[in-house]
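Everything below concerns the one structure shown next.
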Amino acid sequence: MRIFSFSEALNFMRFKWPALMLSALLVLGSLGLLAVKGINWGLDFTGGTVLEVGFTQDADLTQVRNVLAERGYADAVVQYFGSSQDISIRIAPRDGVEQSRISNEILTALAQTTADGVEMRRIEFVGPSVGGELREQGGLAMLVALLGILLYVGMRFEWRLSVGAVLALAHDVIITLGLFSLLQLEFDLTVLAAILALIGYSINDTIVVFDRIRESFRKLRDATAEETVNDAVTSTLNRTVVTSLTTIVVLVVLFYMGGALIHNFATALLFGIAIGTYSSVFVASGIAVQLGLNREDMLPPPPPEKEGEGTEPLM
Amino acid sequence: MLNQNPLWRYFVVIGVLLLALVYAMPNLYPEDPALNINATRGGAVSETTRQQLEQAFTSAGITPKAVTLEAGQVLARFQSAEEQLRARQVATELLGNVNYVTALNLVPTTPDWLASIGASPMKLGLDLRGGVHFLMAVDMKAAMDKNINDLVQAFRADLREARVRYRSVAADLERGEVQILLRSAEDVTAARSALSKIDREFVFSEGAAEFSLNVTLSENRIKEIREYALNQNITIIRNRVNEIGVAEPLVQRQGADRIIVQLPGVQDPAQAKEILGATATLEFRLVDEQGDLAAALNGRLPPGAGLYYDRSGQPYLLENRVMLTGEHITNASSSYDEMGQPQVNISLDAQGGNLLSTATRDSIGRRMATVFIEYKPGEELQADGTPVLVKHEEVINAATIQARLGRSFRITGIGNPAEAQNLALLLRAGALIAPTQIIEERTIGPSLGQENIDLGMTAIMWGMVVVLIFMVVYYKVFGLIANCALVANLVLIVGVMSMIPGATLTLPGMAGIVLTVGMAVDANVLIFERIREELAEGRSVQQAIHQGYDRAFATIADSNITTLLVALILFGIGTGPVKGFAITLAIGILTSIFTAVVGTRLLVNLFWGGRRVQSLPM
Numbered sequence: 003m004r005i006f007s008f009s010e011a012l013n014f015m016r017f018k019w020p021a022l023m024l025s026a027l028l029v030l031g032s033l034g035l036l037a038v039k040g041i042n043w044g045l046d047f048t049g050g051t052v053l054e055v056g057f058t059q060d061a062d063l064t065q066v067r068n069v070l071a072e073r074g075y076a077d078a079v080v081q082y083f084g085s086s087q088d089i090s091i092r093i094a095p096r097d098g099v100e101q102s103r104i105s106n107e108i109l110t111a112l113a114q115t116t117a118d119g120v121e122m123r124r125i126e127f128v129g130p131s132v133g134g135e136l137r138e139q140g141g142l143a144m145l146v147a148l149l150g151i152l153l154y155v156g157m158r159f160e161w162r163l164s165v166g167a168v169l170a171l172a173h174d175v176i177i178t179l180g181l182f183s184l185l186q187l188e189f190d191l192t193v194l195a196a197i198l199a200l201i202g203y204s205i206n207d208t209i210v211v212f213d214r215i216r217e218s219f220r221k222l223r224d225a226t227a228e229e230t231v232n233d234a235v236t237s238t239l240n241r242t243v244v245t246s247l248t249t250i251v252v253l254v255v256l257f258y259m260g261g262a263l264i265h266n267f268a269t270a271l272l273f274g275i276a277i278g279t280y281s282s283v284f285v286a287s288g289i290a291v292q293l294g295l296n297r298e299d300m301l302p303p304p305p306p307e308k309e310g311e312g313t314e315p316l317m
Numbered sequence: 048m049l050n051q052n053p054l055w056r057y058f059v060v061i062g063v064l065l066l067a068l069v070y071a072m073p074n075l076y077p078e079d080p081a082l083n084i085n086a087t088r089g090g091a092v093s094e095t096t097r098q099q100l101e102q103a104f105t106s107a108g109i110t111p112k113a114v115t116l117e118a119g120q121v122l123a124r125f126q127s128a129e130e131q132l133r134a135r136q137v138a139t140e141l142l143g144n145v146n147y148v149t150a151l152n153l154v155p156t157t158p159d160w161l162a163s164i165g166a167s168p169m170k171l172g173l174d175l176r177g178g179v180h181f182l183m184a185v186d187m188k189a190a191m192d193k194n195i196n197d198l199v200q201a202f203r204a205d206l207r208e209a210r211v212r213y214r215s216v217a218a219d220l221e222r223g224e225v226q227i228l229l230r231s232a233e234d235v236t237a238a239r240s241a242l243s244k245i246d247r248e249f250v251f252s253e254g255a256a257e258f259s260l261n262v263t264l265s266e267n268r269i270k271e272i273r274e275y276a277l278n279q280n281i282t283i284i285r286n287r288v289n290e291i292g293v294a295e296p297l298v299q300r301q302g303a304d305r306i307i308v309q310l311p312g313v314q315d316p317a318q319a320k321e322i323l324g325a326t327a328t329l330e331f332r333l334v335d336e337q338g339d340l341a342a343a344l345n346g347r348l349p350p351g352a353g354l355y356y357d358r359s360g361q362p363y364l365l366e367n368r369v370m371l372t373g374e375h376i377t378n379a380s381s382s383y384d385e386m387g388q389p390q391v392n393i394s395l396d397a398q399g400g401n402l403l404s405t406a407t408r409d410s411i412g413r414r415m416a417t418v419f420i421e422y423k424p425g426e427e428l429q430a431d432g433t434p435v436l437v438k439h440e441e442v443i444n445a446a447t448i449q450a451r452l453g454r455s456f457r458i459t460g461i462g463n464p465a466e467a468q469n470l471a472l473l474l475r476a477g478a479l480i481a482p483t484q485i486i487e488e489r490t491i492g493p494s495l496g497q498e499n500i501d502l503g504m505t506a507i508m509w510g511m512v513v514v515l516i517f518m519v520v521y522y523k524v525f526g527l528i529a530n531c532a533l534v535a536n537l538v539l540i541v542g543v544m545s546m547i548p549g550a551t552l553t554l555p556g557m558a559g560i561v562l563t564v565g566m567a568v569d570a571n572v573l574i575f576e577r578i579r580e581e582l583a584e585g586r587s588v589q590q591a592i593h594q595g596y597d598r599a600f601a602t603i604a605d606s607n608i609t610t611l612l613v614a615l616i617l618f619g620i621g622t623g624p625v626k627g628f629a630i631t632l633a634i635g636i637l638t639s640i641f642t643a644v645v646g647t648r649l650l651v652n653l654f655w656g657g658r659r660v661q662s663l664p665m
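Residue numbers (our numbering), protein chains in the order written: chain A, 3 to 317; chain B, 48 to 665.
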């Protein structure tokens, strides 16, 4: 079984401009969203307290909010978490109280509201200074990852491809962040891990295409850069689609079965890998071609021809 | 002949797989709920105690799987968690909780032959196991302040001893220096030489005022003080953690002023926090009997004395001179006096004994107050957003000194037994020179931990099933070969994770395994697609297999190195769960290259290599 079977290369580079325009629009739109709506930073980055509490029956959010308001936590965000018997309570960092004790106080207060008591499922408290540090580290990690990839690809390939790859990566990351901003999904440490994993996987796709571009340049001696890229993208298209499919399928499983804690992690990767597949086909090589990628750049210095190279070995 | 397997390749692949399989096996055996019973303060549990425990369990109708004595502690295994909880009650009733600590635990049931080759199950992160994770910050400013204040006391004595007359010795805590005012230039020189004899590391400078001398600590000394404060806290927290009764606690330094505390299986984070978070010390001071208490209350403090209150608000006038501080306390326990009233028995180290003995020699018949000092985060915030720690001082009691006190004495007049017990615990755990506070907490309830494991397992299983089916449909027999590689890959990941001591499985780590399942087929997809292409270009079957693997390998290596790079970065910056993700990701990448490139090649060569086949079933 094969998904695609082409007798000749598809002209992907014909869509270079429309694709680059679309990507530019998406990136600008995402940046706009990030500027206007911002990111719904999770507890890890803002500091504060999150409690996950289990009730034996369906939880009454209004009652919980009232109990919290009585204790002076009127600003608490209370919502169902995973099921209607579980709730999560998020409290912004506040001054002047010993923050690590807030969770105890709330648990005691909630336990008094029901006869069966409540179950402490999860408490997370992050001090404001720790939140700031995590944010800094996270940003730094993303930059280091991109820089490391820029260097590696620059070393292994050619600078135009390297720039194309890293721009395509930044494109994937920015648009995924844009989605998180649009839907106001919570961005916590696991989502950061997902974004970094996305960087890893998206570059994976791109490199497979680039590898083939290099090879095609050697094979098709008279072809233009665009034709060569088309040939490379077409011949790797099956692999690109199959791998993306299997990955997306397991991510769908993770999304539905991984539980509430993994939800945003799966969302980031699912969306990011879809975008990443598109960008490694159209954006990365499109940019490289636009930067003036050509045959001569790809083959420096020509390796000394071995005897018998290029001829079919005998069985 | 192309595509033949050399014999050694079979050995390598089968050997690696067998090794991984053996080391992955302990994960199949369920864990026993168990109790760890330790003696406190470095004591050992005796065989008699073990027998007593066994009898007590039996008479309470509990049949433990085994009660063994190992490395000075009793380990009792039970059939169910319910029996485990009942047994803990039995054990606590039998042994009390002063000299013994009983901790709930889950112990692996790895068979002996596996354990003897060092195989053990994967370590589970707190998000899967349930438990508490704290990050604590040590207040270094307090450590420095205390040191400077101590220097002031010391300098006064030293200058007196060297017969240098001074006007004043005062601490400037903001600048971290001691300011000494003297009477003449000769005295400045004399003071300088006297003090530098005591410690060469003092840094002297001239103060703004005439005949003044400022003393600061050298960088070296400051570093030493900070190290000491951190290490002291780590030791004390270790002691306190042992008092809580946790089976496998982790207390570890992080950076210059942080401590990580992990308490797996702790079900009551509030209690743990109480014990870890409270930083308490004691000071013993004489009550100033001559001073006018009423005048002091109106703001006219007699010289050398300060005003203190007890819990009920009763004021005390106490001398500023501290007879003894809590750091000399070596042991403290609660008990009852002859009247049945709670009391705390305190033992001191030799130096503390001498100090107290000297201080009480001339004070028999006077009253000595015990001041309990606790640091609690207050209203004010520091520059970095953490609250400034405020010193709370409370007089616990004031008792008449009946005799010259030595290395052991007792404090009576404590409210109730629970308070006496708590005070003893805090005193025993030691006195801190720098308070700590919790700046991060992550607690996972035990049921959520188990739920996370179940969720992760289902996700891995279904992810696997879907990919396995897809591969067979898409690549037919070659799909089956890729599937063998996928299953082998999973075994390898689990085996390697179990082998590496530092690797911990977390919920994001399980997500990483699911992701690896989806991505691991990539290498095989690359190879198979390449073989199809070579076939389409008209190469022979053997050529196509050979070229397919060869050419795909360069691509596989290139594309995976970058992913590995990202995994390393994640490992470097990540904490806890995220680190777990990075580990499974990195291991998954390496094992999937092995199984896809080396493993499937073996099978493909075995079935089709070096034969006259016209087409491949793909």
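Here a beta-carbon is modelled for each residue, glycine too, at the ideal position from N, C-alpha and C. If you're wondering where the values come from, they're calculated on a predicted model, not measured in any experiment.
Around the beta-carbon of M157 (chain A), fewer than 16 other beta-carbon atoms lie within 10 Å, marking it exposed. In the assembly as shown, S183 (chain A) is a buried residue. Its beta-carbon has 16 or more other beta-carbons within 10 Å.
Residue-level contact check: D233 (chain A) does not touch chain B, since none of the beta carbons of chain B fall below 7 Å from its beta carbon. In the structure shown, G50 (chain A) falls within a strand segment according to DSSP collapsed to helix, strand and coil.
Secondary structure within the segment 613 to 658 of chain B: the alpha helix (DSSP H) runs of 4 or more consecutive residues, fully enclosed, are 623 to 640, 647 to 655 (chain order).
For S494 (chain B), the number of other beta carbons within 10 angstroms of its own is below 16, and it is reported as exposed. Taking A128 (chain B) as the centre and dropping the five residues before and after it, the same chain places the C-beta of P80 closer than 8 Å to its C-beta, in chain order. The contact set of S494 (chain B) on chain A, defined by CB atoms closer than 8 Å, consists of G56, E121, R123 in chain order. At a C-beta separation below 7 Å, A558 (chain B) has these neighbours in chain A: L256, G260, I264, F267. Per the Cβ contact rule, the segment 169 to 181 of chain A is in contact with the segment 197 to 207 of chain A (3 or more Cβ pairs under 8 Å). Excluding sequence positions up to five before and after E228 (chain A), its CB lies within less than 7 Å of the CB of M15, V291, all in the same chain and listed in chain order. Taking F57 (chain A) as the centre and dropping the five residues before and after it, the same chain places the C-beta of Q87, T116, V120 closer than 7 Å to its C-beta, in chain order. Distance between M187 (chain B) and L264 (chain B), taken at the CA atoms: about 15 Å. Think of a sphere of 7 Å around the beta carbon of F628 (chain B): the chain A residues whose beta carbon falls inside it are A195, in chain order. The DSSP-derived three-state label of T328 (chain B) is strand. Cβ contact annotation for I109 (chain B) (same chain, cutoff 8 Å, sequence separation greater than five): F125, E130, R133, A134, V137, in chain order. The C-beta of E266 (chain B) has fewer than 16 other C-beta atoms within 10 Å across all chains shown, which makes the residue exposed. Interface residue (Cβ-Cβ distance to chain B less than 7 Å): A172 (chain A) is not classified as such.
L49 (chain B) is not a Cβ neighbour of Q661 (chain B), given a cutoff of 7 Å.
According to DSSP, F127 (chain A) shares a beta bridge with A:T51, B:E488. Take the alpha-carbon of T490 (chain B) and the one of G399 (chain B): they are about 39 Å apart. When secondary structure is reduced to three states using DSSP, R214 (chain B) falls in the strand class.
Chain-order list of chain B residues neighbouring F6 (chain A): empty, with the shortest C-beta distance near 11 Å, by a criterion of under 8 Å. Ranked by how close their Cα comes to the Cα of S359 (chain B), the residues B:W509, B:M370, B:G619, B:N444 have B:N444 in first place. Check the Cα spacing between K438 (chain B) and each of B:T407, B:V418, B:D205: the tightest is with B:V418.
Residue environment for N152 (chain B): buried (at least 16 other C-beta atoms within 10 angstroms of its C-beta). Along the segment 196 to 219 of chain A, the positions whose C-beta sits under 7 Å from a C-beta of chain B are L198, A199, I201, G202, Y203, I205, N206, I209, V210, D213, read in chain order.
Straight-line spacing of the CA atoms in L402 (chain B) and S410 (chain B) works out to 13 Å.
G202 (chain A): member of the alpha helix (DSSP H) spanning 191 to 221, first to last residue. Interface with chain B (7 Å Cβ-Cβ cutoff): Q139 (chain A) is included. Three or more beta-carbon pairs drawn from the segment 638 to 655 of chain B and the segment 530 to 544 of chain B are found closer than 8 Å, and the two stretches are therefore classed as touching. In the three-state reduction of the DSSP assignment, F251 (chain B) falls in the strand class. Where M183 (chain B) is concerned, the enclosing beta strand (DSSP E) starts and stops at 178 to 185. Of the residues assessed, E487 (chain B) falls on the buried side of the cut-off, its CB having 16 or more other CB atoms within 10 angstroms. The three-state reading of DSSP puts L33 (chain A) in helix, counting H, G and I together. Under the Cβ criterion (8 Å, minimum of three pairs), the segment 444 to 461 of chain B counts as touching the segment 379 to 391 of chain B.
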